[in-house]
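One structure is given below, encoded as structure tokens.
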Amino acid sequence: MRVGIGYDSHRFAEGRKLILGGVEIAHPHGLAGHSDADVVAHALIDAVLGAAGLGDIGSLFPSSDPQWHNASSIELLRQAYLQVVEERLHLVNADITVVAEQPPIALYVEDMREKLAAALVAAPSQVSVKGKTNDRMGFIGRGEGIAAIAVALLE
Ligand SMILES: [Zn+2]
């Protein structure tokens, strides 16, 4: 058994769609980033790569490489997991906390679990997604951006 942790954060930006866990969320603005800036998928990528000892999202998909511009992060997760499988490891479960003052994500959690699990060739029951606010403290509390923390267990 191998465990890994991932963390990511992105700032809000005008004129962007908000994509979290592969799901488009109804919100006036999205997150800035080279890809679709899906913090949930990015944190999970780092968790599975970390558990497998395969580096991190930046080493697999460098932002200097134009092929990842506006990339779907669910597709990046799928590609990262293929490398995990090559190491003869597979997902036991993952747990993700999304830290955002706005918007509330409860309505989207089941869709996110389905999208993330599909990229990991797993069942939604193996991928937990939870939302938290930051109690109005700090950059998240001021609504400047969203963060996500993920852990993944591989076998
Ligand atoms: Zn990111």
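Per the numbering used here: the sequence shown = residues 385 to 539. All C-beta atoms in this analysis are idealised placements derived from N, C-alpha and C, irrespective of residue type, glycine included. Fair warning: this is a prediction, and the values are worked out from it, not measured in the lab.
Counting along the chain, I524 sits inside the alpha helix (DSSP H) bounded by residues 522–525. In this structure, the alpha-carbon of D519 lies about 9 angstroms from that of A484.
Judged by pairs of C-beta atoms under 8 angstroms, the region 489–499 touches the region 391–408, as three or more such pairs exist.
Beta bridge pairing from DSSP links Y391 with I533. Pairing A431 with I389 gives a Cβ-Cβ distance under 7 angstroms. By the C-beta criterion, the region 531–539 is judged not to be in contact with the region 457–466, since fewer than 3 inter-stretch pairs fall below 8 angstroms. Contact between the region 415–425 and the region 447–458 is present, with at least three C-beta pairs closer than 8 angstroms.
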